[in-house]
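Throughout, our numbering is defined as the position within the sequence shown, counted from one, plus 1055.
From the three backbone atoms N, C-alpha and C, an ideal C-beta is built for every residue, glycine too.
Below: the structure, in structure tokens.
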Amino acid sequence: MGFYLDSDSAYALYKSEVQKPYFVDKTSLLEELCPLAEQGKNYICITRPRRFGKTVMANMIGAFFCMGADSADIFDNLDISRTNEYKMHRNRHHVVYMDFSRTDGEIDTYDAYIDSVKRKLKMDLREAYPEVPFQDRESAADDFERVRLKTGDKFLFVLDEWDAVFHMSFVTEENQKSYLLFLKDLLKDRAYVSLAYMTGILPISKYSGGSELNMFAEYNMATMERYSSYFGFTEKEVDMLYGRYLENCRNPKVTREGLRLWYDGYCTASGEKIYNPRSVVFALLNNQLYNYWTTSGPYDEIFYYIQNNIADVKEDLALMVSGEAVPAEVHEYAATSMDLRTRDEIFSAMVVYGLLTYEDGMVSIPNKELMDNFGVLLKKEEALGYMHRLAKASGRMMRATKCGDVKTMAEILSYAHDTETPILNYNNEVELSAIVNLVYLSARDQYRVVREDKAGIGYVDFIFYPNNPSDDGIILELKVDYTPEAAIKQIKERKYLLRFQGKLGEPSYYTGRILAVGIGYDKGTKTHA
């Protein structure tokens, strides 16, 4: 048992996952990988955004195939145990498991980093195969080949976070090329490789523009259907977890609809919507819907991507924050650029890192967890100009609405016209609704804001459901070239109020006032009432 070779680390890590209360069985992936391991010389790279279970799956693969530990206690009760491949492959392979994100805290140069990796590989082989006549000056790849020639053994490689090296502060562009050549020498056209399974965030196509890693078949989330269901949680899986949560939790505070609003919305190439798995698990464990995306503010990350071309993306941001999707050409390789300039490059990088989702040529903000962080960005970054000023005015707009100060409300809505550059085309009702979203941005701290919600007879433009049931609920109807009185008349006649009432025979959950808000916009004068 070595540091990389036939280690029991993956077994220990995956066993801890299986024992957790909100574990999801994804071992069907192993059934797809077993034939590849039998055939030999297969290479797959699966790229996904952060926090989508890449490392958990890598640990599962290592624990299943590796002969370094008997993993029957894990897998005997999981889906893979019911397949023909189970006993043929469980713990029958020599596995080299490498997590490239792990570094010694004292290492501060690429040479020291990669020398440590090579040294550990060579030490593992020498300890495992003392009978093989190794040569001191040969590469790790040569050592593996000597083992194959002497014993006939082959190796299954699991390479987690392959792209972590590109984010290390001490790694130069020349170092990146050297790293690619190291992987090429270790893996490409090597008879000792039965299967190389590699994961990361970034695509290999940009970094490996030549022939270095072209042996890998690459599977991303946006355009490749295969392996889609193994990363992230599907609707059925979240249903299962939520049922488990209701059984385990004495005082459940998380709703099923809340999980959908907060963490769903990422789209795979197959068209299936998936949930951020890390956030779902934390919400159920903590009995609280919350932003679990990261420990630091992701609005900083968002601004990192847009800062080089705010002019081209700010109107798209306004639409996306209002819940709309905008067209974009997504090229995943753009995420590897440190100098994002064009609108499509910026949105491509944001899709790869999970800040946006992509479907049918359109990008959008996937869920409330991310939407809230975009809202924080708008309120914090003065560089966004009038969008920032409108978002900053949203607290004042909310106060004016609650006390019926229609003069202030109209003043704030008209503020969008007091800029050198018109924020949007005001003759388009969809874009006008984006303005309404911006000026009510602060409402999201206290309300669940839903656009075009089914209510009574028809659909209402906006409903603000208060988090505190004793707070005011708000029904907002937007009318172009109509008076606000006509908008309020529609709210009443179409019985939008019913959305705040309980089921038949049950009292309403909400006990505060219900405010009917009508906003009229005159296209000719470009004024609001």
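- Cβ contact annotation for His1148 (same chain, cutoff 6 Å, sequence separation greater than five): Phe1120 and Leu1211, in chain order.
- Met1143 has no beta-bridge partner at all, per DSSP.
- Here the segment 1239 to 1258 does not lie against the segment 1064 to 1082, with fewer than 3 beta-carbon pairs under 8 Å apart.
- Bounds of any alpha helix (DSSP H) do not take in Pro1521; it lies within the beta strand (DSSP E) bounded by Tyr1514 to Pro1521.
- Under the DSSP assignment, Glu1414 falls in the beta strand (DSSP E) whose first and last residues are Thr1412 to Glu1414.
- With at least 16 other beta carbons inside 10 angstroms of its own, Leu1088 counts as buried.
- By the Cβ neighbour-count rule, Ser1224 is exposed, with fewer than 16 other Cβ atoms within 10 Å of its own.
- In this structure, DSSP gives Glu1292 a helical state, which the three-state scheme calls helix.
- Between Ile1530 and Val1572, the CB-CB gap stays under 8 Å.
- For Asp1179, the three-state secondary structure derived from DSSP is helix.
- Checking the DSSP bridge columns, you'll see Phe1155 has no partner listed.
- Put simply, of Val1202, Ala1196, Met1178 and Ser1194 the residue whose alpha carbon is nearest the alpha carbon of Pro1188 is Val1202.
- DSSP places Leu1250 inside the beta strand (DSSP E), whose first and last residues are Val1248 to Gly1255.
- Residue environment analysis places Glu1228 among the exposed positions, since fewer than 16 neighbouring C-beta atoms fall within 10 angstroms of its C-beta.
- Burial is judged here by how many other beta carbons sit within 10 angstroms of a residue's own beta carbon; Pro1421 has at least 16 and is buried.
- In the structure shown, Met1056 falls within a coil segment according to DSSP collapsed to helix, strand and coil.
- In the three-state reduction of the DSSP assignment, Met1270 falls in the coil class.
- Tyr1297 is the residue among Lys1175, Leu1238, Tyr1297 and Gly1160 whose C-alpha sits nearest the C-alpha of Pro1332.
- Of all alpha-carbon atoms in Leu1204, Ala1489, Lys1534 and Val1491, the one lying nearest the alpha-carbon of Lys1578 is that of Lys1534.
- Between the C-alpha atoms of His1443 and Phe1429 there is a straight-line separation of about 11 Å.
- In the three-state reduction of the DSSP assignment, His1583 falls in the strand class, which pools E and B.
- Per DSSP, reduced to three states, the secondary structure at Phe1119 is helical.
- Of the other Cβ atoms in all chains shown, 16 or more fall within 10 Å of the Cβ of Pro1104; this residue is therefore buried.
- In this structure, Leu1084 and Tyr1282 form a Cβ contact; the two beta carbons are roughly 7 Å apart against a cut-off of 8 Å.
- Of all C-beta pairs linking the segment 1088 to 1101 to the segment 1135 to 1144, three or more are shorter than 8 Å, placing the two stretches in contact.
- Taking C-beta atoms as the reference points, Ser1334 and Tyr1347 count as a pair closer than 8 Å.
- In terms of CA proximity to Ser1325, Tyr1413 leads the group Tyr1413, Ala1366 and Arg1299.
- Taking the CA atoms as reference points, Gly1528 sits about 47 Å from Met1115.
- Annotation for Ser1419: the continuous beta strand (DSSP E) segment containing it runs Met1417 to Ser1419.
- Counting along the chain, Asp1240 sits inside the alpha helix (DSSP H) bounded by residues Glu1228 to Leu1242.
- At the C-beta level, Val1418 and Ala1383 come within 8 Å of one another.
- Under DSSP, Tyr1330 takes part in a beta bridge, and its partners are Phe1288.
- Nearest to Leu1238 by C-alpha distance, out of Glu1486, Lys1209, Leu1340 and Asn1269, is Asn1269.
- Beta-bridge analysis with DSSP links Asn1097 to Leu1250.
- The shortest C-alpha to C-alpha distance from Tyr1069 to any of Val1309, Lys1328 and Ile1129 is the one to Ile1129.
- As computed with DSSP, Glu1532 is found in a beta bridge with Gly1573.
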